[in-house]
Ligand code: 5RP
């Protein structure tokens with residue numbers, strides 16, 4: 002049972018949540034891509050939905066398989082968002098943004114009545130923080146923002162390094178919104194709410210990858226006896 006099989010199993014279960022006429026937020030990443038592919042097949046068979054993509058990459062993928070798309074200007078309220086995650090804890094608090102789409106992902110999740118996470122069960126953790134926490138920042142004032150963020154992280158009781166995310170061609174990675182990402186390698190986030198509040202106090206922070214109180218459900222797939230089990 003490979004990681005792609007587990008992603009497919011979780012995405013296939015999420016397709017079962019989609020009803021005719023729904024306004025859907027569509028996530029970003031390899032698991033969300035499988036959801037897009039499966040949703041495209043259902044649309045081809047006559048399912049009527051309208052999707053709001055959480056990144057340019059998802060927009061392109063969804064257009065390719067014929068999913069009708071809209072923006073949050075057209076559809077400011079969504080019924081359901083399906084998205085992946087980098088970590089999820091028992092309280093459905095998430096770390097997201099491994100693919101750099103955290104800002105649009107959070108806006109879309111916040112606009113949705115429900116947000117269901119689809120992931121390999123290996124993403125389920127007792128304590129968030131092993132996955133580096135993305136902090137999206139304005140390029141202006143990067144040096145000052147970095148120092149202020151280091152202090153904010155310390156004030157929240159965490160320790161670790163901030164690393165500027167690098168993209169293709171060894172150049173800084175730019176998000177769809179034209180911002181930079183500092184990945185916070187913290188290992189342990191003992192109090193995600195405290196860290197979130199502390200990060201928000203820093204001017205220049207556009208968004209961070211802690212999704213707190215947004216996920217309403219999770220579909221996690223794990224391999225057992227050579228088969229994918231979804232819970
Ligand atoms: C992108 C994300 C993704 O949802 C997250 O990185 C999980 O991706 P994958 O399904 O490829 O493991 O937050 O910004």
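Numbering (my numbering), first residue to last: 2 to 232. Each residue gets a CB set at the ideal place from its N, CA and C atoms; glycine is no exception. Keep in mind the model is a prediction, meaning the values are calculated, not measured.
Subject >> the stretch 129 to 148 in contact with the stretch 94 to 106 per 3-pair CB rule at 8 Å >> reply: yes
**OP:** Report, in whole angstroms, the separation of the C-beta atoms of residue 27 and residue 63, which I expect to be a contact under 8 Å.
**Re:** By one-based count along the chain shown, residue 27 stands at place 26. By one-based count along the chain shown, residue 63 stands at place 62. Indeed they touch by this definition, with Cβ atoms about 6 Å apart.
Subject >> residue 32 CB to nearest heavy atom of the ligand 5RP below 6 Å >> reply: Residue mapping note: residue 32 aligns to position 31 of the chain shown, counting from 1. At least one heavy atom of the ligand 5RP is nearer than 6 Å to the Cβ of residue 32, so yes.
Original post:
CB of residue 97 to nearest heavy atom of the ligand 5RP: below 6 Å?
Top reply: The residue you call residue 97 lines up with position 96 of the chain shown. At least one heavy atom of the ligand 5RP is nearer than 6 Å to the Cβ of residue 97, so yes.
**OP:** Provide the residue span of the beta strand (DSSP E) that contains residue 27, from first to last.
**Re:** Position 26 of the chain shown, counted from the start, is the residue given in the question as residue 27. Residue 27 -> beta strand (DSSP E) spans 24 to 27.
Original post:
Any chance the CB of residue 87 is under 6 Å from a heavy atom of the ligand 5RP?
Top reply: Translated into the one-based positions of the chain shown, residue 87 becomes position 86. Because some heavy atom of the ligand 5RP lies under 6 Å away, the Cβ of residue 87 counts as near it: yes.
Subject >> 6 Å Cβ shell around residue 16 - same chain, five flanking residues per side excluded >> reply: Start at 1 with the first residue of the chain shown, and residue 16 comes out as number 15. Excluding sequence neighbours, residue 16 sits near 39.
Original post:
For residue 132, does the three-state DSSP call read helix, strand or coil?
Top reply: Working through the chain shown from its first residue, we reach residue 132 at position 131. Three-state result, residue 132: coil.
**OP:** Going by DSSP, name the residue or residues bridged to residue 194.
**Re:** Here the question's residue 194 lines up with position 193 in the chain shown. DSSP output for residue 194 lists no bridge partner at all.
Subject >> Within 7 Å, strictly: CB atoms of residue 102 and residue 56 >> reply: One-based indexing of the chain shown puts residue 102 at position 101. One-based indexing of the chain shown puts residue 56 at position 55. Yes.
Original post:
In its own chain, which residues sit with a C-beta less than 6 Å from the C-beta of residue 111, not counting the 5 before and 5 after it?
Top reply: Within the chain shown, numbered from 1, the residue matching residue 111 stands at position 110. Correct list: empty, nothing qualifies.
**OP:** Look at the Cβ atom of residue 104, then the Cβ atom of residue 140, and state whether they are nearer than 7 Å.
**Re:** Locating residue 104 in the chain shown gives position 103, where the first residue counts as 1. Locating residue 140 in the chain shown gives position 139, where the first residue counts as 1. No, they are not a contact pair.
Subject >> Anticipated Cβ contact below 8 Å, residue 47 with residue 25, distance rounded >> reply: Numbered from 1 along the chain shown, position 46 holds the residue referred to as residue 47. Numbered from 1 along the chain shown, position 24 holds the residue referred to as residue 25. Not confirmed; about 16 Å, so no contact.
Original post:
Under a three-way DSSP split, which group does residue 59 fall into?
Top reply: Here residue 59 corresponds to residue number 58 of the chain shown, with the count starting at 1. Of the three classes helix, strand and coil, the one that applies to residue 59 here is helix, per DSSP.
**OP:** Quick one: which unbroken alpha helix (DSSP H) runs of 4-plus residues sit fully inside the stretch 88 to 113? Chain order, please.
**Re:** 103 to 111
Subject >> Inter-residue spacing [alpha-carbon to alpha-carbon] between residue 186 and residue 177 >> reply: Position 185 of the chain shown holds residue 186. Position 176 of the chain shown holds residue 177. Approximately 23 Å between the Cα atoms of the pair.
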